[in-house]
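Reading through the structure tokens given below for one structure.
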Amino acid sequence: MELDAFRASLDAWLDSRRDELAPTYAGAGTLDQKMAQIAKVRRLAFDAGWARWGWPERVGGLGGSTLLRAYLSEAITARDLVEPGLYSMPEVLGPSVVSFARPELSARVLPPLLRGDDVWCQGFSEPGTGSNLASLTCRAVRVTGAGDSGAGRRVTGEGAAGAGWRVTGEGAAGAGWRVTGQKVWTSLSQYARRCVLLTRTGSAESAHRGITALLVDMDAPGITIRPIETMDGEQEFSEVFFDDVLVPVDRTLGEEGQGWAVAMDLLPYERSTALWQRAAWLHRRLRDLVDAAEPGVLDPLALGEVTQLVYAFRARSRATVHRMAAGDQLGPETSIDKVLLATAEQALFDLAAEALPAEVTTGDDAESARWRGEFFYSRAATIYGGTAEIQRNVIARRLLDLGSDR
Amino acid sequence: MIDGEELTLFRQSLRQAIQSHNGTALDTALEELGWPDALAADARGAVSVLFELQGAANVTSSALDRVLASALGYGGAAVVLPAPAGWAAPAVLEGGRLRVRGVATASLGLRETALVVGRAGQSHVAVAVETGTLARRAVRGADPALGLVEVAGEVDAWRELGPADWRAAVALGQLAVGHELVGASRRMLELAREHALARVQFGRPIVIFQAVRHRLAETLVAIESAAAMLDAAWLDRDPLTAGMAKATAGRAARVTARHGQQVLAGIGFTTEHPFHRYLRRILVLEQLLGGTHALTRELGREILARRRLPAPLPL
Numbered sequence: 002m003e004l005d006a007f008r009a010s011l012d013a014w015l016d017s018r019r020d021e022l023a024p025t026y027a028g029a030g031t032l033d034q035k036m037a038q039i040a041k042v043r044r045l046a047f048d049a050g051w052a053r054w055g056w057p058e059r060v061g062g063l064g065g066s067t068l069l070r071a072y073l074s075e076a077i078t079a080r081d082l083v084e085p086g087l088y089s090m091p092e093v094l095g096p097s098v099v100s101f102a103r104p105e106l107s108a109r110v111l112p113p114l115l116r117g118d119d120v121w122c123q124g125f126s127e128p129g130t131g132s133n134l135a136s137l138t139c140r141a142v143r144v145t146g147a148g149d150s151g152a153g154r155r156v157t158g159e160g161a162a163g164a165g166w167r168v169t170g171e172g173a174a175g176a177g178w179r180v181t182g183q184k185v186w187t188s189l190s191q192y193a194r195r196c197v198l199l200t201r202t203g204s205a206e207s208a209h210r211g212i213t214a215l216l217v218d219m220d221a222p223g224i225t226i227r228p229i230e231t232m233d234g235e236q237e238f239s240e241v242f243f244d245d246v247l248v249p250v251d252r253t254l255g256e257e258g259q260g261w262a263v264a265m266d267l268l269p270y271e272r273s274t275a276l277w278q279r280a281a282w283l284h285r286r287l288r289d290l291v292d293a294a295e296p297g298v299l300d301p302l303a304l305g306e307v308t309q310l311v312y313a314f315r316a317r318s319r320a321t322v323h324r325m326a327a328g329d330q331l332g333p334e335t336s337i338d339k340v341l342l343a344t345a346e347q348a349l350f351d352l353a354a355e356a357l358p359a360e361v362t363t364g365d366d367a368e369s370a371r372w373r374g375e376f377f378y379s380r381a382a383t384i385y386g387g388t389a390e391i392q393r394n395v396i397a398r399r400l401l402d403l404g405s406d407r
Numbered sequence: 006m007i008d009g010e011e012l013t014l015f016r017q018s019l020r021q022a023i024q025s026h027n028g029t030a031l032d033t034a035l036e037e038l039g040w041p042d043a044l045a046a047d048a049r050g051a052v053s054v055l056f057e058l059q060g061a062a063n064v065t066s067s068a069l070d071r072v073l074a075s076a077l078g079y080g081g082a083a084v085v086l087p088a089p090a091g092w093a094a095p096a097v098l099e100g101g102r103l104r105v106r107g108v109a110t111a112s113l114g115l116r117e118t119a120l121v122v123g124r125a126g127q128s129h130v131a132v133a134v135e136t137g138t139l140a141r142r143a144v145r146g147a148d149p150a151l152g153l154v155e156v157a158g159e160v161d162a163w164r165e166l167g168p169a170d171w172r173a174a175v176a177l178g179q180l181a182v183g184h185e186l187v188g189a190s191r192r193m194l195e196l197a198r199e200h201a202l203a204r205v206q207f208g209r210p211i212v213i214f215q216a217v218r219h220r221l222a223e224t225l226v227a228i229e230s231a232a233a234m235l236d237a238a239w240l241d242r243d244p245l246t247a248g249m250a251k252a253t254a255g256r257a258a259r260v261t262a263r264h265g266q267q268v269l270a271g272i273g274f275t276t277e278h279p280f281h282r283y284l285r286r287i288l289v290l291e292q293l294l295g296g297t298h299a300l301t302r303e304l305g306r307e308i309l310a311r312r313r314l315p316a317p318l319p320l
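Line by line, the protein sequences give chains A and B.
Its first residue numbered 2, the first sequence is counted upward by one per residue in our numbering.
Its first residue numbered 6, the second sequence is counted upward by one per residue in our numbering.
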């Protein structure tokens, strides 16, 4: 299907199902409410076929350009049906699992993800591993079933009890991985059925070469989740502890030691369709701000500048989404997209805090809570997904070719 | 559409012309290369390629006159532009008289008539005015090399050409100046980058210092955001987007100049380094066909008055 036809028919469907698709709550809603809303929208859009376009047929999709995926996320965000930060996880994790998981695995796990039946989380950051992702220490060692040769025994995520397993020597054909360590800032892990987990399988000094990616079932014994309350009052993030968690070997994404390639493969998706959805969200919130502000409160110069920032980010993101759809290899130039998003987002909510002072400071109704929550959340825009400083380092080294900074 | 190999050749021949010509000689070279035909066939290709090169090389031509005249549909004339910062038509037609106040490129001095757009009530009209009837002052100002002419006068004789779509002409002119600003900004960034790599202090090139690197990175972000807005304006053909693109390009040029000058430090404050020529140029171009602040404030006013945002760029 072509984008123009998709756009017209999806818009018609969204309008005709307006009541069914609408959230049942006003304002921001609780995290539980928002997650239930996203699941509902995903299910309806998947069952009607919309959410299957842009995904390969072998994982339950209907094929077609990634532009279709981008437009779906734009359309439901423009209509205030979903919140992009919570919605976009499948957009970010899904494509790389399609590329790196064994075909039987991706065919099994992707459809419930796309239909909103399952939530996934991303286990990358650790307490000692923020900007320097290659320093991660969450350990995975190869193990095999005791009393058998390692061959022939089928280990499933559900049945992988710890008893009877033993650690094998290096290079042995084990039946699985035993994972021990800690992750942090793991979004939505308390809702997640599965986790794309980066583990250290090489020596402590192996840096990006000794990392292996696994698709872990979050109900496996040994996983403990401790939610972290952020300043916007949400429990979107958690610490996740792994104590001797057994993961079947067929859950390895790519080969042992290929985890860095998996992590890098995610980046183009995080920086294209997911950011395009943010552009739709910023546009809607800017419009809401113009509607909500009392006459005379918004300074025309400040409003004009924020509008230009929001539009420039959208223009940049559109070009990136089209480059990905055309098959271009996206790389370090997407750091510019990330900087533009963070700049526009913070500028928009700074303006909102000035133009809606009562809502942001003393209001306790649903809309006030939403403005305040988004203002707080925007403070993290220069931190998550690679800090503003890391983005500038990438731009300096990779795009301006300034050489090493050491 | 000029694209693929044709675009590469077009860019190459324009680059050669710009490297060896300036001013009226460049105008002649552009004629010979068929740039005016390219402008008629593919405005986006012709404008974006030429003006970025012109900005990068710090040369002048009367291409902006061509752009505005072609948008107005009255080709090949020197066009009176609005005075710095503004973008309203440079003349008012009232009571049988035409009051003109604006600037023009150096080509005005070579032509017997000037194309002037005047506001007449609610609409705009294009007229041809004899250059000799207008008071002209060769501008030195911040950028003498740009060769602008200040134009003023109140005349009662002109030849009416017909109605004018001034808004469309301004939009196209804003895109041209926007591309010139981007070209100049890219060159300023390159000058600062070369200096940072070559200049040694504390026994090391200053480019290893994060403070320097981040200034240069910030500059590239600003330039790319302007380039993206210009592309968007060519896509959606909305005059409002062209104004936003011009403002974004003006802001990017100022950001580039600020960071570039700081990285260049002492040498960038002298006339012994080419940087000053770019700073002078962008200072004037930023105000031409709408200053950044004026455009930005007007955008905000319009949004508040209509309680509506400009249409979002479609995927």
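Every residue gets a Cβ at the ideal spot worked out from N, C-alpha and C, and that includes glycine.
C-alpha distance - residue i paired with residue j, whole-angstrom precision
{"i": "H219(B)", "j": "R192(B)", "result": "18 Å"}
{"i": "V130(B)", "j": "P95(B)", "result": "11 Å"}
{"i": "L299(A)", "j": "I308(B)", "result": "10 Å"}
{"i": "L400(A)", "j": "E334(A)", "result": "7 Å"}
{"i": "E58(A)", "j": "R256(B)", "result": "46 Å"}
{"i": "L63(A)", "j": "P113(A)", "result": "15 Å"}
{"i": "G364(A)", "j": "P85(A)", "result": "24 Å"}
{"i": "L403(A)", "j": "A397(A)", "result": "6 Å"}
{"i": "T301(B)", "j": "A231(B)", "result": "14 Å"}
{"i": "L293(B)", "j": "D351(A)", "result": "30 Å"}
{"i": "T118(B)", "j": "S112(B)", "result": "11 Å"}
{"i": "R198(B)", "j": "L225(B)", "result": "11 Å"}
{"i": "D190(A)", "j": "I226(A)", "result": "Note that residue 190(A) corresponds to Ser in the displayed sequence, not to Asp. Distance between the alpha carbons of S190(A) and I226(A) is about 7 Å."}
{"i": "D12(A)", "j": "E229(B)", "result": "32 Å"}
{"i": "Q330(A)", "j": "A345(A)", "result": "25 Å"}
{"i": "G81(B)", "j": "L19(B)", "result": "19 Å"}
{"i": "H264(B)", "j": "A270(B)", "result": "10 Å"}
Residues that residue i contacts on chain E, provided the C-beta gap is smaller than 7 Å
{"i": "V340(A)", "result": "Chain labels in this structure do not include chain E; the protein chains are A and B."}
Residues sharing a beta bridge with residue i, DSSP
{"i": "E240(A)", "result": "R227(A)"}
{"i": "C139(A)", "result": "Partner(s): none; C139(A) has no beta bridge."}
{"i": "W178(A)", "result": "R143(A), V248(A)"}
{"i": "R19(A)", "result": "None; R19(A) has no bridge partner."}
{"i": "A140(B)", "result": "A157(B)"}
{"i": "I212(A)", "result": "R201(A)"}
Proximity below 8 Å, CB of residue i to CB of residue j
{"i": "E187(A)", "j": "V241(A)", "result": "In the sequence on display, residue 187(A) carries Thr and not Glu. For T187(A) and V241(A), yes; Cβs fall inside 8 Å."}
{"i": "R286(B)", "j": "N63(B)", "result": "yes"}
{"i": "L267(A)", "j": "L94(A)", "result": "yes"}
{"i": "V217(B)", "j": "L202(B)", "result": "no"}
{"i": "Q59(B)", "j": "E185(B)", "result": "yes"}
{"i": "R393(A)", "j": "A222(B)", "result": "yes"}
{"i": "E368(A)", "j": "G28(A)", "result": "yes"}
{"i": "F47(A)", "j": "L115(A)", "result": "yes"}
{"i": "F15(B)", "j": "A181(B)", "result": "no"}
Same chain, Cβ closer than 7 Å to residue i, neighbours up to 5 away in sequence not counted
{"i": "Q267(B)", "result": "R220"}
{"i": "R195(A)", "result": "V110, D119, W121, L216, V217, D218, M219"}
{"i": "W163(B)", "result": "L103, V132, A133, V134"}
{"i": "A275(A)", "result": "S89, E92, V93"}
{"i": "L86(B)", "result": "P95, G107, V108, A109, L293, L294"}
{"i": "M325(A)", "result": "T67, P269, S273, L331"}
Cβ neighbours of residue i in the same chain (closer than 8 Å, five flanking residues each side left out)
{"i": "G101(B)", "result": "D161"}
{"i": "W14(A)", "result": "A49, W51"}
{"i": "A443(A)", "result": "This structure cannot speak to residue 443(A), because chain A is shown only from 2 to 407."}
{"i": "P168(B)", "result": "S128, H129, V130, A131"}
Same chain, Cβ closer than 6 Å to residue i, neighbours up to 5 away in sequence not counted
{"i": "G183(B)", "result": "L235, A250, K251, A254"}
{"i": "W372(A)", "result": "A353, L357, E360, V361"}
Original post:
Mind listing which residues of the stretch 277-310 of chain B have their C-beta closer than 8 Å to chain A's C-betas, in chain order?
Top reply: H298, L300, T301, R302, E303, L304, G305, R306, I308, L309
**OP:** Output, in sequence order along the chain, the residues in the stretch 273-285 of chain A whose CB is closer than 9 Å to any CB in chain B.
**Re:** W277, A280, A281, H284
Original post:
Looking at chain A, which residues of the stretch 109-126 of chain B have a Cβ within less than 9 Å of any of its Cβ atoms?
Top reply: Those residues of the stretch 109-126 of chain B placed with their C-beta closer than 9 Å to a C-beta in chain A do not exist.
Subject >> Selection of the stretch 228-256 of chain B by Cβ proximity to chain A, strictly under 7 Å >> reply: E229, S230, A233, M234, D236, A237, M249, A252, T253
Original post:
In chain order, what residues of the stretch 38-69 of chain A put their CB closer than 9 Å to some CB of chain B?
Top reply: L68
**OP:** Return the residues of the stretch 185-218 of chain A that lie within a Cβ-Cβ distance of less than 7 Å from chain B, sorted by chain order.
**Re:** none
**OP:** Would you list, in chain order, the members of the stretch 187-199 of chain B that have their beta-carbon closer than 9 Å to a beta-carbon of chain A?
**Re:** L194, R198
Subject >> Contacting positions in the stretch 228-255 of chain A - beta carbon closer than 7 Å to chain B >> reply: none
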